[in-house]
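K.L.:
Next up is a structure, given as structure tokens.
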Amino acid sequence: MAKKIFLSDIDLALNQLLQAKLENLASDPTGTESRIYYNTVSKKVKYFNGTVWLTVVDDIDTRLTNARTPSAHVIATNIALGAEHTISGAAVGWVLRASGATAANFQQLAHADLANVGTNTHTQIDTHLGDATKHRIINDSGSSNTELFSASKILQLINDINTTVAGSLVYKGGYDAATNTPLLDATPITVQQGWTYVVTATGDFFTENVQVGDMIIAKQTNPTTLAHWTIINKNIPDIVAATEATSGIIKIASAAKMTVTTTEDTEAVTPLKLVNFLGLSASKLPVAKFSQAIGDGAALTYVVSHNLGTRDIHAQVIRQAAPYDIIDCEILATTNTSATFNFNVAPTSGQYRVVIIG
């Protein structure tokens, strides 16, 4: 019978093992804990527990023919549990309580069971609601120290403060210098000291050129000249086309411009277009190979330095004697220059040769 030898565990990653058979033997083999096989004489599946061989119980085992039928149980539950479980002596709508600390008996909850649970009267509730230390009245026009302003009233007061306190910065929005919107130049709108605008379109503010991102701040109320404003320039240069001397934006060259006679010197080439132009592919790259004998009769792990400069490798382990078969073990592409081979049983001295292609 043909077979393939594995010298490492096989992890199916929760995938199915389809149309498989257990090892068929007529008698118990040498036991290794958790080993399992099918006995062709007794027609039973057996496993080794570390001491003796035991038979796996199957559905025709006589020990499974003496079934027991559970008796009925009296139980209180909020869902139906089937015919074997009932509530004895209760009626629909009853609220039940345990009548004993250990006995599984229930009684209907009586009115007396709720006595003294809550003692608040209507008068006590009214007094509680009227207590100004626990509740407040919202009154936007009041000045009592027991009443509160609404959220909208508070926001109004904050806005009033922002527009009246001298020297505070108040963001008022964007300013289009190309169209003078809102009117801040020439005949300005009413402006308070500290009002701040951010330029959204390049243009002239009075006689000063401003750019997108600049800020203008009123130094006084109702400013009418450039001197009445503070201009904060963002000091960020305009984005320009990239050159060998200047950083900037760059255009990607098209495949049509990838010729040996091209004079294009202002567009960039991507790695993909370069690979395509040179005609490179995985099948056309030079193949590098490394091989080494492994095995010393003791170690289970061998780190092999191949120095191929990549983790994209293909590795095999070949027996160094007849039948010179390819065996399986755990192989890790550890680094760009080495691979690790793990075994469950230590190979003998020089028993295998590893071949690595990258």
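Going by this note's numbering, the letters in the sequence shown line up with residues 922 to 1279, in that order. Ideal placement from N, C-alpha and C gives every residue a C-beta, glycine not left out. None of the values given here were measured: they were computed from a predicted structure.
In the DSSP assignment, the alpha helix (DSSP H) including Asn1197 goes from what residue to what residue?
P.N.:
The residue you call residue 1197 lines up with position 276 of the sequence shown. 1192-1199 is the extent of the alpha helix (DSSP H) around Asn1197.
K.L.:
Do you know how far the Cα of Leu1069 is from the Cα of Thr1145?
P.N.:
Here residue 1145 corresponds to residue number 224 of the sequence shown, with the count starting at 1. Here residue 1069 corresponds to residue number 148 of the sequence shown, with the count starting at 1. C-alpha separation (whole angstroms): 42 Å.
K.L.:
Let me know the secondary structure DSSP gives Asp1081 once reduced to three states.
P.N.:
Within the sequence shown, numbered from 1, the residue matching residue 1081 stands at position 160. Of the three classes helix, strand and coil, the one that applies to Asp1081 here is helix, per DSSP.
K.L.:
Which runs of the beta strand (DSSP E) at least 3 residues long sit entirely within the segment 937-967? Give them in chain order.
P.N.:
Here the runs fully enclosed are 957-960.
K.L.:
Just how far apart, CA to CA, sit Ala997 and Phe1027?
P.N.:
Residue mapping note: residue 997 aligns to position 76 of the sequence shown, counting from 1. Residue mapping note: residue 1027 aligns to position 106 of the sequence shown, counting from 1. Reliability fails at Ala997, whose pLDDT of 47 lies under 50, so the model's placement of it is uncertain and no value is given.
K.L.:
Helix or strand or just coil, what does DSSP make of Thr1048?
P.N.:
Residue mapping note: residue 1048 aligns to position 127 of the sequence shown, counting from 1. Correct three-state label for Thr1048: helix.
K.L.:
Roughly how many whole angstroms lie between the Cα atoms of Lys924 and Ala1267?
P.N.:
For the purposes of this step, residue 924 is taken as residue 3 along the sequence shown, with counting starting at 1. For the purposes of this step, residue 1267 is taken as residue 346 along the sequence shown, with counting starting at 1. Taking the straight line from one Cα to the other gives about 20 Å.
K.L.:
Going by beta-carbon coordinates alone, are Ser1259 and Val1238 separated by less than 8 Å?
P.N.:
On the sequence shown, residue 1259 is found 338 positions in, with the first residue counted as 1. On the sequence shown, residue 1238 is found 317 positions in, with the first residue counted as 1. Contact flag unset, no.
K.L.:
Figure out for me which residue from Val1196, Ser1212, Thr1123, Trp1116 has the closest Cα to the Cα of Lys1155.
P.N.:
In the sequence shown, counting from the first residue as 1, residue 1155 sits at position 234. Out of Val1196, Ser1212, Thr1123, Trp1116, Thr1123 has the C-alpha closest to the C-alpha of Lys1155.
K.L.:
Mark Gly1216 as exposed unless 16 or more other C-beta atoms lie within 10 angstroms of its C-beta, in which case mark it buried.
P.N.:
Along the sequence shown, read from residue 1 onward, the residue named residue 1216 stands at position 295. Under this definition Gly1216 is a buried residue.
K.L.:
Quick one: measure Cβ to Cβ for Ile1170 and Gly1134, integer angstroms, because I've assumed they're closer than 8 Å.
P.N.:
In the sequence shown, the residue the question calls residue 1170 occupies position 249. In the sequence shown, the residue the question calls residue 1134 occupies position 213. Incorrect: roughly 18 Å between the Cβ atoms, too far for contact.
K.L.:
For Arg1240, tell me which candidate among Gly1271, Asn1228, Thr1261 has the shortest Cα-Cα distance.
P.N.:
Counting from one through the sequence shown, the residue named residue 1240 turns up at place 319. The shortest C-alpha separation from Arg1240 is found at Gly1271.
K.L.:
For Ser1073, which three-state DSSP category applies?
P.N.:
Along the sequence shown, one-based indexing puts residue 1073 at 152. Helix.
K.L.:
Considering Asp1125, what are the terminal residues of the beta strand (DSSP E) in which it resides?
P.N.:
Looking up residue 1125 in the sequence shown gives position 204. Taken as a continuous stretch (DSSP letters only), the beta strand (DSSP E) holding Asp1125 covers 1124-1126.
K.L.:
Are the beta-carbon atoms of Val973 and Val966 separated by less than 8 Å?
P.N.:
Position 52 of the sequence shown, counted from the first residue, corresponds to residue 973. Position 45 of the sequence shown, counted from the first residue, corresponds to residue 966. No, Cβ-Cβ distance for Val973 and Val966 is not below 8 Å.
K.L.:
Can you tell me whether Asp1106 is buried or exposed? The criterion is at least 16 other CB atoms within 10 Å of its CB, across all chains shown.
P.N.:
Counting from 1 along the sequence shown, the entry for residue 1106 is found at position 185. By the neighbour-count rule (16 or more Cβ atoms within 10 Å), Asp1106 is buried.
K.L.:
Using DSSP's beta-bridge definition, name the partner residues of Arg1057.
P.N.:
The residue you call residue 1057 lines up with position 136 of the sequence shown. In the DSSP output, where bridge partners are listed per residue, Arg1057 has none listed.
K.L.:
Return yes when the Cβ of Leu1017 is within less than 8 Å of the Cβ of Ala1024, no when it is not.
P.N.:
Walking along the sequence shown from the start, residue 1024 turns up at place 103. Walking along the sequence shown from the start, residue 1017 turns up at place 96. No, the Cβ-Cβ distance between Ala1024 and Leu1017 is not below 8 Å.
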